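This report refers to the structure that appears directly beneath it.
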Amino acid sequence: MRTNSYMFRPLFVFIGTRYTRAKRRNHFVSFISLTSMIGLALGVVVMIVVLSVMNGFDHEMRTRVLGMVPHALIAGNTPVDDWKPLADAALKNPEVTAAVPFTDMEGMLSYKGSMQPIQISGVDPALEHEVSIVTQHITRGSLEDLKPGEFGVVLGDITARRFRLSIGDKLTLIVPEVSSAPGGITPRMQRLTVVGIFKVGAELDGSMGLINIADAAQMQRWQPNQVQGVRLALKDLYKAPQVSTAIAA
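Below you can see the structure in the form of structure tokens.
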């Protein structure tokens, strides 16, 4: 007694085989079925590729771009005399992994007649690795060379290449200062010495620079111990709004 092999196949296998191996008079049905399967397979492949690219982009965003900027900030309208109580209060939140002082300012870099805008961050070289990946991406020099009173600066690779800078080169930082003079705003200038260059492979390589936090206080005409606030690193950076609200409450 002959047994029909189709009886022992799963239903979806039977249907697929039936329409891809159509009878001779149904070549058109077989062609349509084969074309549909190829289209479906290509669609799945494209979806997998897109998801892989998106996952890779998310990883790069987390590790490079967002690894260089603070997940959250604690700052006010006036300089902070003692930042440690702020840091201790923030660290009581289980989502906060680190809290370090900072002082930010915006200005222009000038070198041999060329200029570019720059975001300068005053940092503590001994603590910066707790909230930033910049120490992992220093290609020349060292963050430890940012010594108070020496006005060293660590710049991004794009800025260094644009100005053709090397370690030891000097350039000028121009920072606007509100004044009671008739003009209202007067520029404040400071000579900086390049002590390091970083490369994270993002736009920050051409728009960010680091100086010692004590030098930043001096440029702002603050006391040496005063800072702008505290930068936070979180376990999950996407929880930053909730964590900020909880800390501010």
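Straight run, no breaks: the sequence shown in the UniProt record's numbering ends on number 249.
Virtual Cβ for every residue (Gly too), placed ideally from N, Cα, C.
In this text, all values refer to a predicted model and were calculated from it rather than measured experimentally.
- Counted as a single uninterrupted DSSP element, the stretch harbouring Val134 is not any alpha helix (DSSP H), since DSSP gives it neither H nor E.
- For the pair of segments examined, the stretch 149-163 was found to touch the stretch 193-212: the number of CB pairs separated by less than 8 Å reaches three.
- Around the beta-carbon of Phe102, 16 or more other beta-carbon atoms lie within 10 Å, marking it buried.
- Here Arg161 carries a helix assignment [DSSP, helix/strand/coil].
- Cβ neighbours of Gly209 within its own chain (closer than 6 Å, five residues either side excluded): Ile118, Ile120, Val153, Leu155.
- The stretch 39-58 and the stretch 187-200 do not touch, with fewer than three beta-carbon pairs separated by less than 8 Å.
- Buried is the label assigned to Val123, since at least 16 other Cβ atoms lie within 10 Å of its Cβ.
- In chain order, Ala87, Ala90, Leu91, Val230, Leu232 place their CB closer than 6 Å to the CB of Ala99, counting only its own chain and leaving out the 5 sequence neighbours on each side.
- Straight across, the Cα-Cα distance linking Val96 with Met47 is about 36 Å.
- With a 10 Å radius around the Cβ and a threshold of 16 neighbouring Cβ atoms, Asp81 comes out exposed.
- By the neighbour-count definition (other C-beta atoms within 10 Å, threshold 16), Met54 is an exposed residue.
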